[in-house]
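Residue numbers (our numbering), protein chains in the order written: chain E, 1 to 247; chain C, 1001 to 1281.
One structure is given below, encoded as structure tokens.
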Amino acid sequence: MLVQMQRDFQAWLIRADDNPSPQEHVRSTRGLAAYQNNYRTQLVNVLRASYPQLQAWLGEETFLAAAIHHINRHPPSSWTLDVYGEDFSRTLQELYPHNPDVHELAWIEWALAAAFVARDAKGAALEHWADVDWDNARLALAPSFRHRIATTNAFAIWSAWQDQVDLPEAEMLDDPAGLIVWRVGFQTQIKQVDAIESDALISLRDDGRFNTLCEMLVEQLDEEQGIARAGRLLAEWTAAGIVTGLL
Amino acid sequence: MSTSLPTFAGYGLGLRREHYRDFLETDVPVDFVEVISENFMVDGGQPLHILRRVRERYPVALHGVSMSIGSADGLRRDYLQRLRALVQEIEPLFVSDHLSWSRFEQINSHDLLPLPYTEETLAIVCRNIQMAQEAIGRPMLFENPSSYVSFTASTMTEWEFLSEMSRRTGCGLLLDINNVFVSTQNHDWDADAYLRGIPAERVRQIHLAGHTVGEELLIDTHDRPVGADVWGLYAKVRQMLGPVATMIERDDAIPPLTDLLAELDIARRLGAQAQPLREAA
């Protein structure tokens, strides 16, 4: 029965032990090892390709151990290998629960890769904004937009790696900040933003309404500064391609 | 759904990232390019943009690696929907995948795993092919696999299986000559019998690639030039086939484009030499 053969073969393939249950199905077992080797080598290579900087940060041996741990517990399920690295962050949380720099570096690499092939943004309809009913307006973020809270200097580490200069030691930020990733045209972008801008972007992502964003900033600052900051942020986000239009 | 299987006579290369610029900015002397379908079954961004631009300059064949046509529990609809959207946009020369399986239930090994050649497998594969062809609205090509094990349950040869599969479903065949060589060597099959057993009128495309000689087996690695034995089989098979699209498939240790074009010239020469012999036959 084909079902039984595929069940046995697959279980053996992902188990990586010396108990080849497919042997009862095959004429000769000498070729079986090639499949087990291909399976694991391919997945390790996918994780390496998805997280080159994390590999450099952890060191090759430590990264390989984490990759094998992940592969043993999380066989791929999607039709595309490109997403296999997405859940690696869960394994890193499990293996390194007290190393937020590791989690944040991994997030940066994955967010940039995901943004690279995200849905294309439509251009901002700037000429119509003078007529917008701002009390009810809902703003569209670039489909590639991703955000997370930053607690460490992971962005500085990532930037130093990009610039091929000495990497700083990992350290906690004095105040939590935000990390944002998006794509303009075909160019992925990354920026660390302060806590106020981070909160503002979370508000925009979750609610979309400029009015809600203004209310939040007025509460955090005061009416005059809050409204002024909201206006500046909107102008900056639009110019940067983070806000792409109205919903 | 269109049921006709178009023919295309020409010589092409697999489009790889290392050569994007060449294909976009120069007139590369190829008749078509082949891309890995899954690399472009994405929401947006530069890869799709590049494929659209390449498509403006060259005919494109879509070659998949993840359909898993041999899965006993059927095909994934989300995969077929993505492929259908790409096919509709690119209007490719051919849409192909492999006679193999990679997924069962929720786990996908992302390897082209071998199948036992039985009536049960044939029925499952044919059912899946019909589903795939209906989903994308046109016949597909399926490639003979390279394999490192064969199954005690098999009741027919690989070429008999491919022949019957093609007859029942109307699909075409993508004949990978390197895979023929690797599998016939690994399983001690007769390569001449293999080539004679393939229904020549169903072959629309040929892959040529390199392999690695392992300790006990030949491994299908696509990381080196086409070997002399594979060229020998190609010369033979071209005498048996009608119009066909031939290409060099290189996936690793990608060399300069000029190296691949030089290999493609060998294929052109052998194809030209085979034509009078085919006509005489």
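Backbone N, C-alpha and C define an ideal beta-carbon position, used for all residues, glycine too.
Rounded to the nearest angstrom, what separates residue i and residue j at their Cα positions?
i, j, result
"residue 1261 of chain C", "residue 1044 of chain C", "30 Å"
"residue 168 of chain E", "residue 157 of chain E", "6 Å"
"residue 89 of chain E", "residue 1246 of chain C", "43 Å"
"residue 105 of chain E", "residue 43 of chain E", "20 Å"
"residue 219 of chain E", "residue 79 of chain E", "46 Å"
"residue 122 of chain E", "residue 97 of chain E", "39 Å"
"residue 1173 of chain C", "residue 1085 of chain C", "23 Å"
"residue 1204 of chain C", "residue 244 of chain E", "46 Å"
"residue 166 of chain E", "residue 1102 of chain C", "43 Å"
"residue 135 of chain E", "residue 1052 of chain C", "41 Å"
"residue 171 of chain E", "residue 75 of chain E", "33 Å"
"residue 13 of chain E", "residue 1112 of chain C", "13 Å"
"residue 1054 of chain C", "residue 1024 of chain C", "6 Å"
"residue 215 of chain E", "residue 151 of chain E", "26 Å"
"residue 1050 of chain C", "residue 86 of chain E", "25 Å"
"residue 1008 of chain C", "residue 1093 of chain C", "8 Å"
"residue 77 of chain E", "residue 1109 of chain C", "8 Å"
"residue 1064 of chain C", "residue 1035 of chain C", "8 Å"
"residue 22 of chain E", "residue 1233 of chain C", "32 Å"
"residue 1040 of chain C", "residue 224 of chain E", "49 Å"
"residue 1142 of chain C", "residue 1097 of chain C", "5 Å"
"residue 221 of chain E", "residue 230 of chain E", "11 Å"
"residue 1153 of chain C", "residue 1159 of chain C", "16 Å"
Checking contacts by CB at 8 Å: is residue i closer than that to chain C?
i, result
"residue 67 of chain E", "no"
"residue 75 of chain E", "yes"
"residue 145 of chain E", "no"
"residue 133 of chain E", "no"
"residue 189 of chain E", "no"
"residue 217 of chain E", "no"
"residue 14 of chain E", "yes"
"residue 120 of chain E", "yes"
"residue 55 of chain E", "no"
Between residue i and chain E, is the shortest Cβ-Cβ distance under 8 Å, so that the two count as touching?
i, result
"residue 1049 of chain C", "yes"
"residue 1181 of chain C", "no"
"residue 1101 of chain C", "yes"
"residue 1157 of chain C", "no"
"residue 1096 of chain C", "no"
"residue 1163 of chain C", "no"
"residue 1006 of chain C", "no"
Out of the options, which one is the CA nearest neighbour of residue i?
i, options, result
"residue 1162 of chain C", "C:1099, C:1051, C:1274, C:1041", "C:1099"
"residue 140 of chain E", "E:178, E:87, E:108, E:204", "E:204"
"residue 30 of chain E", "C:1248, C:1219, C:1231", "C:1219"
"residue 36 of chain E", "E:58, E:9, E:24, E:54", "E:9"
"residue 83 of chain E", "E:49, E:136, E:161", "E:49"
"residue 1081 of chain C", "C:1054, C:1072, C:1125, C:1131", "C:1131"
"residue 1272 of chain C", "C:1235, C:1256, C:1251", "C:1235"
"residue 1195 of chain C", "C:1238, C:1264, C:1058, C:1263", "C:1238"
"residue 1 of chain E", "C:1027, C:1141, C:1071, C:1041", "C:1071"
"residue 26 of chain E", "C:1117, C:1059, C:1244, C:1087", "C:1117"
"residue 159 of chain E", "E:189, E:175, E:132, E:15", "E:189"
"residue 1222 of chain C", "C:1001, C:1013, C:1005, C:1004", "C:1013"
"residue 112 of chain E", "E:145, E:208, E:224", "E:145"
"residue 1186 of chain C", "C:1148, C:1170, C:1152, C:1198", "C:1148"
"residue 1198 of chain C", "C:1210, C:1214, C:1208, C:1180", "C:1180"
"residue 1212 of chain C", "C:1252, C:1073, C:1191, C:1190", "C:1252"
Using a cut-off of 8 Å between C-beta atoms, extract the partners of residue i located in chain C.
i, result
"residue 39 of chain E", "1109, 1110, 1111"
"residue 183 of chain E", "1045"
"residue 186 of chain E", "1045, 1046, 1049"
"residue 225 of chain E", "Neighbours of residue 225 of chain E on chain C: none; closest Cβ ~38 Å, over 8 Å."
Interface residues of chain C around residue i at Cβ under 7 Å?
i, result
"residue 202 of chain E", "Those within 7 Å of residue 202 of chain E in chain C number zero; the least Cβ separation is about 23 Å."
"residue 7 of chain E", "1104"
"residue 3 of chain E", "1072"
"residue 10 of chain E", "1104, 1107, 1109"
Just to make sure I have the definition right: I need the residues of chain C whose C-beta is within less than 9 Å of the C-beta of residue i. Which are they?
i, result
"residue 117 of chain E", "1042, 1043, 1044, 1045, 1046, 1047, 1048"
"residue 192 of chain E", "Chain C residues near residue 192 of chain E: none, gap ~23 Å exceeds 9 Å."
"residue 220 of chain E", "None at all; the shortest Cβ gap to chain C is about 34 Å."
Give a yes or no on whether 8 Å exceeds the smallest Cβ distance from residue i to chain A.
i, result
"residue 63 of chain E", "Looking for chain A here will not work: the only protein chains present are E and C."
For a contact meaning CB atoms closer than 9 Å, what does residue i contact in chain E?
i, result
"residue 1038 of chain C", "79, 80, 81, 82"
Which residues of chain E have a Cβ atom closer than 7 Å to the Cβ of residue i, listed in chain order?
i, result
"residue 1194 of chain C", "What residue 1194 of chain C touches in chain E: nothing, since even the nearest Cβ is about 17 Å away."
"residue 1079 of chain C", "79"
In chain E, what lies closer than 8 Å to residue i by C-beta?
i, result
"residue 1186 of chain C", "31"
"residue 1076 of chain C", "79"
Practice task
Taking only beta carbons into account, state which residues of the region 1143 to 1154 of chain C come closer than 8 Å to chain E, listed in chain order.
Solution key: 1147, 1148, 1149, 1150, 1151, 1152, 1153
Problem - Proximal residues, the region 1215 to 1227 of chain C versus chain E, C-beta separation under 7 Å - result: 1216, 1217, 1219
Practice task
Scan the region 25 to 36 of chain E for residues whose Cβ lies nearer than 9 Å to a Cβ of chain C and list them as they occur along the chain.
Solution key: Identification of residues in the region 25 to 36 of chain E having a C-beta nearer than 9 Å to some C-beta of chain C yields 25, 26, 27, 28, 29, 30, 31, 32, 33, 34, 35, given in sequence order.
Problem - Interfacial residues, the region 77 to 109 of chain E to chain C, with Cβ spacing under 7 Å - result: Of all residues in the region 77 to 109 of chain E, those with a C-beta nearer than 7 Å to a C-beta of chain C are 77, 78, 79, 80, 81, reading in chain order.
Exercise for the section: Return the residues of the region 1225 to 1257 of chain C that lie within a Cβ-Cβ distance of less than 7 Å from chain E, sorted by chain order. Expected result: Residues passing the 7 Å Cβ filter: none.
Practice task
Could you name the residues of the region 1119 to 1141 of chain C whose beta carbon sits closer than 8 Å to any beta carbon of chain E, in the order they occur along the chain?
Solution key: 1120, 1121, 1124
Handout entry: Interface positions of the region 156 to 169 of chain E facing chain C (Cβ-Cβ less than 8 Å), listed along the chain
Key = none
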